[in-house]
Structure formats: C-alpha cells, structure tokens
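Notes to accompany the following structure.
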Amino acid sequence: MRRVYMDANATTPLLPEVLDAMRPYFIEHFGNASSIHQQGQHARAAVEHARAAVAALINCRPAEIVFTSGGTESDNLALFGLVQPGDHLITSSIEHHAVLHAAEKLRDRGAEVTFLPVSSEGVIDPGDVRRAIQPNTRLISVMMANNETGAIQPVSEIGRIATEADIYFHTDAVQAAGKLPIDVQTLRCDLLSISGHKMHAPQGTGILYVRRGTRLEPLFFGGSHERQRRAGTENLPGIVGLGKAAEIARTALVDGTMDRVATLRNRLEEGVLAEVESAGVNGIGAPRVSNTTNIYFEDLEGEALVIALDLKGLSVSGGSACASGATEPSHVLTAMGLSPAKARASVRFSLTKQTTEDDIDFALGIIPAAARRLRELAPVNAGTLG
Ligand SMILES: Cc1ncc(COP(=O)(O)O)c(C=O)c1O
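53 is the number of the first residue of the sequence shown in this note's numbering; add one for each residue after it.
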C-alpha cells in the first residue's frame, strides 16, 4: 500500500546526504573528540565543522553553539540554567511541554512564572510580555513557531522588549529551524533551541545557542565538554549529521523550497475545506510556517480520523505528537479558545520538503471520504461543537 507522510512536525526522515555524511563516523572515524591522538583530532575537526555549519544557519559565532541531545534538553538547559528560586519567568501558554513542564517544575522550586495567553489565532501579544515584566524577571521564553498550528510568534518585538528591559530572552526555534530564516542578531535573543530531527538530522541531536557572556548553570556535571556547558562525550555521528542538515537547510531557505511547500499546504487546505463540510483551519489568520495546517472537523474525533487515515496510508497527527496517548485536548488549541470538543476534533497535517503534488492528490482522495464515514458512524456527537 502506498504511504504518504504528513507528520513532519513530529519528526522528519534523515536525508540521504545526511546519512552519507554521518556514515564514516560510526566505524572508520570513531574517535572521541576529547582525545589527543589522531582519531580524536579527526573527531574534533568534524565536530567543529558541524558547529560552524549550525552557527551559519542562525548567524552566530560557532563558540556560541552547545550541542545537546535535542529540543527538550536545549529548552531545559535554557530555563534551568538561568532561572533560580525567587526569579520570575515569563513564558506562554502555547509552548511545547519541554518548556511548559520545565516552567512548572521551576515554579514548584520557588520561581514565579507567568504563562501568557494567546489570541484566538494562537499568537502572543508583545504588549502582554511588556506588561508582565517585574523587577525580578530573569527570563522570557517564547517559541518562534508553534508545533501544532505553525503560528509564527512576534519574537523580534519580544527580543526588543527583553533587550530594553535587560532581561534574558530564550526562543524555542525547534519548529522554525529550516522553515524560516533565523538571525539571532536581529532577534536579539540570548538563547535559542533547535532539534535535529525536525530538520532531517537524526533524532537525539540538537543545539542550544548561548549568547557570549550568558552565565548558564549546566544541567549535567562531568567533563568540561562544550565549554563546560554540557558535560558528556559528544555524539559524533549525530553532530556531523546535524551540521550537514544545517547546510542543506540553509540552501532550502533561499532556493524556493519553502514556497513550494507553502503552495502544496495551501492546496491541501483549500481542497479539504472545499470537500468537507463544517471544517476549518485553526489559526488561519496568523502568519504560519509554510508546512503546517491544523484543521478541525466538526462532529468527529480527531484521533479517530488519524487512525482512519493511517489505515488508508496517510500519516498525520492529532494535536501534538509528543502528547499522543494523552486523552487531554491540546493545550495549544484550548489556549486559543477552542472548546475541548473542537480541540479534540482537530488534526495536524505537516508536510516535509519531500512532499509532492501527488501526495496532496492522494491525501485529498481519502480525507473527505474518511471524515464523512466517521460522521456517519458517530452521529451522536452532532452539534456538540461551539
Ligand atoms: C516546539 C518544540 N519544542 C521542543 C520539542 C522537543 O524536541 P525533541 O523531540 O528534540 O526533544 C518539540 C518536539 O516536538 C517541539 O515541537
């Protein structure tokens, strides 16, 4: 059976070029980047080459890149590395759980936390950030693009507010990297998280950008790796893969790839809305990353549609994939004011750079029929959505 993958915000496949770049570092060039001998030197050179490639993607110095095990670790390092009991943290109600749950833990440990609301389109008001600042505010953490709706947040304005108030600013750019140009100088952020597997690098890789001079308490203690900001032998093949993926992502940002993805996403969206009654796009009025659409299908369960589409060969996701298995409606959609039923009736389609016109035709060939069938099977829900 044909399979089409539209769940890039959960993870993306490794690109063949990325695998090719990584391959020699498993066996032939297996060294520990901290060793003095030749194998070690070779490994160190590869790690530093990758560091420079990632730095070029976000316009920072290579020394400001800390390699981590992924987006979750980067977010945790940013928050726990800066916020102490008694400090105040400003974040938003639509962050990924890697930020939200870290913020809740900091609150348990005696920090004050403000979770800012969002508009019905899923966007934070920079004015709310400004109004939330207190004398003890230590850090503002607001994501660059939301993983569920794709909504792009006003991070440049927030960066300006943070700079004026002399407060650290962290942005989770996990869903922005490779999709939007990122320049940490114009963003004026002090910390920025990226996850490798959302941009065709291996799972379990990531970076935290740490602006020079930012005093960050490490999460791990051990060797003096990563300029004492992240102890532990570097994941050599993973880092090499991340560096290669960053080089490829840089090219894709300027060669029209993302415009092509946006055209496909818009076709999918328009096709679904034309064919399925009582469906709509969550956050359609917001600026969005080009690969994501989050669609509600009134009077059906999003999870049931995800399963029905999976059986027909289309992989999509209900709410955030990282929270799948949980029966709670998406915290992002409910923060936008959707009723729990409407949030549960929502499905996320996230295209990869490899998505084709044919894939869109395939999806449009099965989504309307699957939605109709589910509504016929469960008419009891009719009229429950506000
Ligand atoms: C916005 C955002 N932040 C953080 C993460 C966590 O990244 P990782 O899976 O690399 O730990 C994700 C993963 O879905 C995400 O979408």
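Don't be surprised by glycine CBs; every beta carbon is placed ideally from N, CA and C.
- When distances are taken from the beta-carbon of histidine 222 to the heavy atoms of ligand 1, even the shortest one reaches 7 Å or more.
- The alpha carbon of threonine 143 has as its nearest neighbour, out of Asp218, Asp180, Gly123 and Glu299, the alpha carbon of Asp180.
- Cα atoms of glutamine 227 and asparagine 318: separation of roughly 18 Å, rounded to the nearest angstrom.
- Around the beta carbon of alanine 430, fewer than 16 other beta carbons sit within 10 angstroms, so the residue counts as exposed.
- The Cβ atoms of leucine 129 and serine 145 lie no closer than 8 Å to each other.
- Straight-line spacing of the CA atoms in leucine 416 and glutamate 173 works out to 25 Å.
- If you ignore the 5 residues before and after alanine 155, its C-beta comes within less than 7 Å of the C-beta of Leu131, Leu141, Thr143 and Val165, all in its own chain and listed in chain order.
- In the DSSP assignment, serine 208 falls within the alpha helix (DSSP H) that extends over 207-217.
- In the structure shown, valine 262 falls within a strand segment according to DSSP collapsed to helix, strand and coil.
- Less than 8 Å separates the beta-carbon of lysine 405 from that of alanine 304.
- Counting along the chain, histidine 153 sits inside the alpha helix (DSSP H) bounded by residues 149-160.
- Under the 10 Å beta carbon count, threonine 345 is surrounded by 16 or more other beta carbons and is classified as buried.
- Asparagine 199 has its CB nearer than 7 Å to a heavy atom of ligand 1.
- Glutamine 186 is positioned such that its CB atom lies no closer than 8 Å to that of alanine 197.
- Counting C-beta pairs with one atom in each stretch, the region 77-87 and the region 262-272 have fewer than three that are closer than 8 Å, which means they do not touch.
- The beta carbon of phenylalanine 221 is closer than 6 Å to those of Ile192, Gly211, Ala214, Cys241 and Asp242 in its chain, skipping five residues each way along the sequence.
- C-alpha of methionine 195 to C-alpha of leucine 352: approximately 30 Å in a straight line.
- Checking the 7 Å criterion, the Cβ of asparagine 287 is out of range of every heavy atom belonging to ligand 1.
- For leucine 288, same chain residues with a beta-carbon under 7 Å away, outside a window of 5 residues either side, are Tyr77, Ala85, Ala95, Ala98 and Val99 in chain order.
- Each residue's CA atom was taken as its position, placing valine 175 and valine 333 some 15 Å apart.
- At a Cβ-Cβ threshold of 8 Å, alanine 150 and glycine 335 do not count as neighbours.
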